[in-house]
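Quick notes on the structure that follows.
Number of protein chains: 2
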Amino acid sequence: MTTSAPVLPPVDFTARLAGRAQRMTASAIREILKITQEPDVISFAGGLPAPELFPLEDVRRATDTVLTRYGPAALQYSTTEGHLPLREWIAARAGITPAHVQIVTGSQQGLDLLGKILIDEGDVVLVEAPTYLGALQSFQPYGPRYVELPTDEHGIDTDALEEVLQSQPAKLLYAVPNFQNPTGRTLSLERRRRLLELTAQYGVLVLEDDPYGKLRFTGEDLPSLYELGLERAGGDPERSHVIYSSSFSKTLVPGLRDAWVQAARPLIEKLVQAKQGADLHTPTLNQMIVAELVQDVLPRQIETVKRAYGERARDMVARIQEHFPPEVSFTTPEGGMFLWVTVPEGLDTVPLLAQAVARKVAFVPGSPFYALGGGANTMRLSYSSATPEQIGTGIRALGETIRAAMD
Amino acid sequence: MTTSAPVLPPVDFTARLAGRAQRMTASAIREILKITQEPDVISFAGGLPAPELFPLEDVRRATDTVLTRYGPAALQYSTTEGHLPLREWIAARAGITPAHVQIVTGSQQGLDLLGKILIDEGDVVLVEAPTYLGALQSFQPYGPRYVELPTDEHGIDTDALEEVLQSQPAKLLYAVPNFQNPTGRTLSLERRRRLLELTAQYGVLVLEDDPYGKLRFTGEDLPSLYELGLERAGGDPERSHVIYSSSFSKTLVPGLRDAWVQAARPLIEKLVQAKQGADLHTPTLNQMIVAELVQDVLPRQIETVKRAYGERARDMVARIQEHFPPEVSFTTPEGGMFLWVTVPEGLDTVPLLAQAVARKVAFVPGSPFYALGGGANTMRLSYSSATPEQIGTGIRALGETIRAAMD
Chain A
155 MTTSAPVLPP VDFTARLAGR AQRMTASAIR EILKITQEPD VISFAGGLPA
205 PELFPLEDVR RATDTVLTRY GPAALQYSTT EGHLPLREWI AARAGITPAH
255 VQIVTGSQQG LDLLGKILID EGDVVLVEAP TYLGALQSFQ PYGPRYVELP
305 TDEHGIDTDA LEEVLQSQPA KLLYAVPNFQ NPTGRTLSLE RRRRLLELTA
355 QYGVLVLEDD PYGKLRFTGE DLPSLYELGL ERAGGDPERS HVIYSSSFSK
405 TLVPGLRDAW VQAARPLIEK LVQAKQGADL HTPTLNQMIV AELVQDVLPR
455 QIETVKRAYG ERARDMVARI QEHFPPEVSF TTPEGGMFLW VTVPEGLDTV
505 PLLAQAVARK VAFVPGSPFY ALGGGANTMR LSYSSATPEQ IGTGIRALGE
555 TIRAAMD
Chain B
155 MTTSAPVLPP VDFTARLAGR AQRMTASAIR EILKITQEPD VISFAGGLPA
205 PELFPLEDVR RATDTVLTRY GPAALQYSTT EGHLPLREWI AARAGITPAH
255 VQIVTGSQQG LDLLGKILID EGDVVLVEAP TYLGALQSFQ PYGPRYVELP
305 TDEHGIDTDA LEEVLQSQPA KLLYAVPNFQ NPTGRTLSLE RRRRLLELTA
355 QYGVLVLEDD PYGKLRFTGE DLPSLYELGL ERAGGDPERS HVIYSSSFSK
405 TLVPGLRDAW VQAARPLIEK LVQAKQGADL HTPTLNQMIV AELVQDVLPR
455 QIETVKRAYG ERARDMVARI QEHFPPEVSF TTPEGGMFLW VTVPEGLDTV
505 PLLAQAVARK VAFVPGSPFY ALGGGANTMR LSYSSATPEQ IGTGIRALGE
555 TIRAAMD
């Protein structure tokens, strides 16, 4: 379109942004992924579930079934709380009621809405060091003050947690107890109990993020913080201070964006209000598809994924032992999608990434996972969507990269 | 589960909520809809698209096609910006580039994310009186100060707008120019131009919410504020101060939750960051389904919906003329889903609703649509999903209710 009006000067949009928008930044990982997406680079950087395992034909069949069964209702507006049969299934497994379950559009939305209803500017949020980057990104606009909790091979150091709690009031403790993103580590049962005792004693809410819990490929399942919290509360969800977040993204498929939050009713009621303003409801059709798949396909799919990820993890660990210098340490995950590598002090994995990409292999540097910085000599590797050949070639190339940098 | 641990006292969750959570409330409409959902009540209260018109078989076929064409990628994580073919289609129609288009999970998410990146606590947001309730709900957590703009049968009174702008700085003007929810009114072309001049002059961003624009069943299409803004800016999206929000919910189906925002690049870039933290991305499959339907099914569907809503609107208007007392005034929409009724001063439509429900008919009282209160003698009627029989019986019953209340 043309016009005789004078061309206007550009609008200064930046000057019009809200204060909280200044706190938002592009995901460091997202930017890193862009540079590693050349087709001949073997990437352990992404955290993508293995697409070749997706139950594509089951989704196709479920969609067909759901459109026939529900008709136009499958494509109509639906309730903010979520599709009742799905909430019922989730509630029954957790020993709670559907009133304690809110369906969300990916667990990322659960984290965002929980941040929105809980975090006032300056509120202390306790996070693992390192922690899941996406949670930091969700909470960030609400202005939390992060306090890091040191971790070791058994997860959060609960003695350190006690010291932190003694020194300052905190609103929320955010943790990924099972096969943590990024480290792959799992919080021990003893520490789970201690963490719940301490947070209850100091009046701190616990947000347990558990996308990977069902994907244990070795060792014994541990009760979730939510289960232990419910047990402590005599089975009454209203008396538990644990909020639980999980998702069908890692066990079924991520692209439908179906996840949920379990919590006491006053929190769920406020979440419903927040979600009304945020997206009205999670897509109707998608919730019905997932509800159709949870009975038969999901358990089978979990077995398939566990077996595959277990093989890939063992393979990657074996190759690391073979190809990495002995000065490099790494975690050996019992489930999930990630392992964590620590190279000798003094090496920085950010420049190392460029050297690795030159050798056609990529990873995510560890530092973005630290809320307060640090971790320069760490990196996250994902084995979930790698073939044996990629693992063999990629880990060898990464070992060469590390050795070259150490020289 | 049982335990020997003492039963804990309930946790005071309310005391732990963020300040912004106190500002959130359940949607008044939502609560009203609950009481009007008895099966024998004829409801003009909801704002639901007519489900019998949904292109169910087209969605089924598109799903099938997309799962075959894209395979597992249709169920995998995807980019925050949205499915490129869909963004390209939107951009081409608008004369902009995909870099100016962000796909969102329902236009409600667009409103929420724009509120998040733009509204600081206390920022003045100009809204129509009355305005779309859902927008108020999206912005509310971010602490805006609403200033109402008076409206008449041609939409926002731009003389009043000028006075408001002279008296105080505003961040944003939010408007629904076409077949407004709740009034069904349309902003005249002359006022569109004047509104753009004034807001540009005073440095106020314009957020145009246009879910119904394609659903004009009588009269001539008007250019959107976005189109006029682009024209004023010599065709350069970076120089336009208009942000445009629209959706496939009213033209195709709502349950897939596919909508979009068009804006200058600095705003889209910040929206992308906000959306990363909010839900990572809109469901992949749903975007692909919609992209599959926009070429052939959408234009046909728009014609079907327009014809049906046009008939229903004319029918409702005719019945209102027949059954309502002459002291009652109402709007005659040229498109969209709603009309607006003003009963004589002194009547309050909130108690009137209870009397109407006793006569088996329901509407939405108008007062919740006023950001600052008022409108006690107004109501919104939706004709979009009503049958001729329901319109006949329901409007007669509503006329009787109003007459009885006037006596």
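Each protein sequence line maps, in turn, to chains A and B. Counting in my numbering, the first sequence runs from 155 upward without gaps. Counting in my numbering, the second sequence runs from 155 upward without gaps. Glycine included, each C-beta is placed from N, C-alpha and C at the ideal position.
Check: Buried or exposed: which applies to residue 236(A), given that a residue is buried once 16 or more other Cβ atoms fall within 10 Å of its Cβ?; Outcome: buried
Check: What do you get for residue 283(B), buried or exposed, if any count of 16 or more other CB atoms within 10 angstroms of its CB means buried?; Outcome: buried
Check: Anything in chain A within Cβ reach of residue 232(B), meaning under 8 Å, just list it in chain order.; Outcome: 409
Check: Under a three-way DSSP split, which group does residue 323(A) fall into?; Outcome: coil
Check: Look up residue 490(B) in the DSSP assignment and say whether it is helix, strand or coil.; Outcome: coil
Check: Are the segment 294 to 313 of chain B and the segment 246 to 253 of chain B touching, with three or more C-beta to C-beta distances below 8 Å?; Outcome: no
Check: Which of the three DSSP states is assigned to residue 208(B) in this structure?; Outcome: coil
Check: Going along the chain, which residues of the segment 253 to 283 of chain B sit with their C-beta nearer than 7 Å to a C-beta in chain A?; Outcome: 259, 260, 262, 263, 266, 270, 271, 272, 273 and 274
Check: Under 7 Å Cβ-Cβ, which residues of chain B neighbour residue 464(A)?; Outcome: Residues of chain B passing the Cβ test: none, with the nearest at roughly 20 Å.
Check: I'd like the list of long-range same chain contacts for residue 206(A), defined as Cβ closer than 6 Å, with 5 residues on each side in sequence excluded.; Outcome: none
Check: Roughly how many whole angstroms lie between the Cα atoms of residue 349(B) and residue 524(A)?; Outcome: 47 Å
Check: Could you tell me which whole alpha helix (DSSP H) segments of length 4 or greater appear in the segment 261 to 309 of chain B?; Outcome: 261 to 272 and 287 to 293
Check: For residue 225(A), which residues in chain B fall below 7 Å Cβ to Cβ?; Outcome: 210
Check: In the DSSP assignment, find the unbroken beta strand (DSSP E) run with residue 398(A) in it and report its ends.; Outcome: 396 to 401
Check: Starting from the Cα of residue 199(A), find the closest Cα among 561(A), 558(A), 547(A) and 540(A) and give me that residue.; Outcome: 540(A)
Check: So the alpha helix (DSSP H) residue 533(B) belongs to, where does it begin and stop?; Outcome: Element bounds for residue 533(B): not the alpha helix (DSSP H) but the beta strand (DSSP E), 532 to 536.
Check: Within 10 angstroms of the Cβ of residue 343(A), are there 16 or more other Cβ atoms? Answer buried if so, exposed if not.; Outcome: exposed
Check: Mind checking whether residue 516(B) and residue 197(B) have CB atoms under 8 Å apart?; Outcome: yes
Check: Tell me the rounded alpha-carbon separation between residue 396(B) and residue 275(B).; Outcome: 22 Å
Check: Would you mind reading off the limits of the beta strand (DSSP E) that contains residue 255(B)?; Outcome: 255 to 258
Check: Kindly indicate which residue of 522(A), 559(A) and 427(A) has the alpha-carbon position closest to the one of residue 505(A).; Outcome: 559(A)
Check: Please list, in chain order, the chain A residues whose beta carbon lies closer than 8 Å to that of residue 214(B).; Outcome: 217, 218 and 221
Check: Helix, strand or coil for residue 171(A), going by three-state DSSP, please let me know.; Outcome: coil
Check: Nearest-angstrom Cα distance between residue 446(B) and residue 402(A)?; Outcome: 25 Å
Check: At a Cβ threshold of 8 Å, is residue 292(B) touching chain A?; Outcome: yes
Check: Taking the CB atoms as reference points, tell me whether residue 415(A) and residue 425(A) lie closer together than 8 Å.; Outcome: yes
Check: Determine whether the beta carbon atoms of residue 271(A) and residue 428(A) lie at a separation below 8 Å.; Outcome: yes
Check: Which of helix, strand or coil does DSSP assign to residue 369(A)?; Outcome: coil
Check: Sort out for me which residues DSSP pairs residue 515(B) with in a bridge.; Outcome: 196(B)
Check: Going along the segment 494 to 523 of chain B in order, which residues come within less than 7 Å of chain A, judged by CB to CB distance?; Outcome: none
Check: Closest by CA to residue 462(B), which one among 450(B), 485(B) and 490(B)?; Outcome: 490(B)
Check: Over what stretch of residues does the alpha helix (DSSP H) that includes residue 444(A) continue unbroken?; Outcome: 438 to 447
Check: Buried or exposed for residue 157(A), going by 16 or more other Cβ atoms inside 10 Å?; Outcome: Low confidence applies here, because residue 157(A) scores a pLDDT of 46, under 50, leaving its location unreliable; read the following figure in that light. So residue 157(A) counts as exposed.
Check: Just reading off the alpha helix (DSSP H) that residue 451(B) is part of, what are its end residues?; Outcome: 451 to 477
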